[in-house]
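Peer 1: Just dropping this structure here.
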Amino acid sequence: MDSASADITAKIQGLGDLELAVIVCLITDQHCIIRTEKNLEHALDQELRLVSNQVFGLSYVVLDCSENTTLDEFVNGVLVDDPKGPQGYALEQLGEDVRAPFEPCFTTGLLHEKRSTPDVDHGSDGRGIANVVIAKNLNAADHQVQIQALELIRNRSVTTRRSVYEAPKHFLFIALLSSEPEARLTVHLNDHFSISHIHATEDGLPNLEQHMSNRTTSDNASLSSVLHSLPEAGGPLAYSRPSKEPFVSAEDTEALKSAAATVRVSPEVRAYLHNIVVFMRMHRAIAGGISAIATRHFHQLVKALAPLHDLSYVPPSLVALATRKVYPHRILITTPENERSMQWGSDIRAVREMLEGMTVEDIIEDVLTQVEVPL
14 MDSASADITA KIQGLGDLEL AVIVCLITDQ HCIIRTEKNL EHALDQELRL VSNQVFGLSY
74 VVLDCSENTT LDEFVNGVLV DDPKGPQGYA LEQLGEDVRA PFEPCFTTGL LHEKRSTPDV
134 DHGSDGRGIA NVVIAKNLNA ADHQVQIQAL ELIRNRSVTT RRSVYEAPKH FLFIALLSSE
194 PEARLTVHLN DHFSISHIHA TEDGLPNLEQ HMSNRTTSDN ASLSSVLHSL PEAGGPLAYS
254 RPSKEPFVSA EDTEALKSAA ATVRVSPEVR AYLHNIVVFM RMHRAIAGGI SAIATRHFHQ
314 LVKALAPLHD LSYVPPSLVA LATRKVYPHR ILITTPENER SMQWGSDIRA VREMLEGMTV
374 EDIIEDVLTQ VEVPL
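Terminal number for the sequence shown in our numbering: 388, no gaps in between.
Written as structure tokens, this is what we have:
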């Protein structure tokens with residue numbers, strides 16, 4: 014192992030769950046859903062801002078969507094006014110005039126943009142799409158807004174009345190949702206998110222805790238104190254990292270992407286991947302969601318996970334891990350009336366009893382138990 018690879022491996026081992034989710038998406042050029050408890054949404058929003066800028070050196074915008082969000086508000090919301098200036102914007106209330114200058118969420122020392130996005134194709138007005146778009150409550154937005162989000166993910170561009178804005182090379186769209194959402198994302202938009210991750214309170218907010226501890230006299234600020242002392246939504250969040258360089262650089266991400274492209278998948282592991290997809294599609298409790306694009310994301314993820322574990326091949330354990338990340342947000346659990354065995358005379362009461370209390374996680378574990386693991 015050369016020194017560069019050893020350095021990257023050491024960095025990866027120091028990353029938390031949210032940072033790993035971000036780097037996996039950057040390696041695969043895909044996007045993710047992050048769910049959390051309702052009372053943790055604001056804190057997690059602040060953590061993702063720090064992860065984007067402090068850990069990866071990427072610009073970001075935060076959109077707080079609602080059923081009143083319009084197409085123009087969404088499109089203007091993903092743009093940053095000065096791509097080469099201080100990065101990090103929050104458009105917390107999209108009902109306000111989005112033509113007004115955005116308020117920077119960080120007040121000092123954010124300038125990683127010069128090295129992280131040199132290839133942004135900006136519109137004639139000097140604006141550009143941020144590297145990271147954090148869309149809170151995207152599932153609550155109007156259908157047309159969600160379709161616009163889908164177009165941004167698929168085409169990596171947005172169009173206004175005056176210009177077309179291309180996404181930067183390193184571009185990530187994060188849907189930040191409640192763990193108990195009142196509405197679902199549209200089917201096609203949901204399917205274009207490669208992975209989903211649930212961040213629980215016990216997982217902590219290390220970057221935010223460090224940031225807040227630097228603003229207090231105590232060196233051991235707890236998560237509970239962080240939650241009670243957070244700045245108000247949309248307020249400034251001072252930048253506190255002493256280094257001018259991001260912890261994980263664009264070069265590190267490109268090196269991991271190159272390593273993922275050369276990862277070997279043996280015929281036995283490839284058959285294991287295929288069998289998991291087949292068993293998912295044939296599972297009695299699944300009504301849908303095991304799509305072709307999900308299979309493509311599945312294969313991309315297993316190869317991206319290998320270099321993060323300092324491997325040049327895919328073991329079965331990484332396949333199981335990828336299964337737990339690719340499919341939870343996609344699987345639709347069937348109703349007793351539409352369960353497959355009802356077509357040949359099953360008792361609906363028995364079927365209802367079988368499905369009662371079954372969760373997506375239960376289904377995935379059931380499939381992983383049934384599929385034979387290669388030696």
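Beta carbons are placed, not taken as given, at the ideal position from N, Cα and C, and that holds for glycine.
1) What residues in its chain sit with their C-beta under 7 Å from that of residue 32, if we drop five residues either side in the sequence?
2) Using DSSP's beta-bridge definition, name the partner residues of residue 188.
3) What is the DSSP secondary structure of residue 385, reduced to helix, strand or coil?
4) Label residue 325 either buried or exposed according to how many other C-beta atoms from any shown protein chain fall within 10 Å of its C-beta, with 16 as the threshold for buried.
5) Buried or exposed for residue 58, please, with buried defined as at least 16 other CB atoms from any protein chain shown within 10 angstroms of its CB.
6) Are residue 146 and residue 186 closer than 7 Å when you measure CB to CB?
7) Name the DSSP beta bridge partners of residue 178, please?
8) Do the region 258-277 and the region 306-320 meet, that is, are 3 or more Cβ pairs less than 8 Å apart?
9) Determine the extent of the alpha helix (DSSP H) in which residue 35 is found, giving its start and end residues.
10) Going along the chain, which residues of its own chain have a beta-carbon closer than 6 Å to the beta-carbon of residue 371, five neighbours each way excluded?
11) Once you ignore the five residues that flank residue 365 on each side, which residues in its own chain have a CB closer than 8 Å to its CB?
12) Pull up the distance between the alpha-carbon of residue 50 and that of residue 336, whole angstroms please.
13) Could you give the residue range of the alpha helix (DSSP H) that holds residue 305?
14) Quick one: give me the first and last residue of the beta strand (DSSP E) that residue 77 is part of.
15) Name the one or two DSSP bridge partners that residue 326 has.
16) For residue 384, tell me which candidate among 89, 192, 302, 290 has the shortest Cα-Cα distance.
17) Which residues does DSSP pair with residue 209 in a beta bridge?
Peer 2: With the structure as the only source:
1) Around residue 32: 64, 68.
2) According to the DSSP secondary-structure assignment, residue 188 is paired through a beta bridge with 46, 148.
3) Coil at residue 385, not helix or strand.
4) By the 10 Å Cβ count, residue 325 comes out exposed.
5) The residue in question, residue 58, is buried, as its Cβ has 16 or more Cβ neighbours within 10 Å.
6) Taking 7 Å as the Cβ cut-off, residue 146 and residue 186 qualify as a contacting pair.
7) 171, per the DSSP bridge assignment.
8) Cβ pair count under 8 Å is three or more, so yes.
9) 30-41 is the extent of the alpha helix (DSSP H) around residue 35.
10) Around residue 371: 298.
11) 349, listed in sequence order.
12) Cα to Cα, residue 50 sits roughly 23 Å from residue 336.
13) First-last of the alpha helix (DSSP H) with residue 305: 305-321.
14) For residue 77, the uninterrupted beta strand (DSSP E) segment begins and ends at 73-77.
15) Residue 326 is bridged to 277.
16) Residue 384 has its Cα closest to that of 290, out of 89, 192, 302, 290.
17) Answer is 46, bridged to residue 209.
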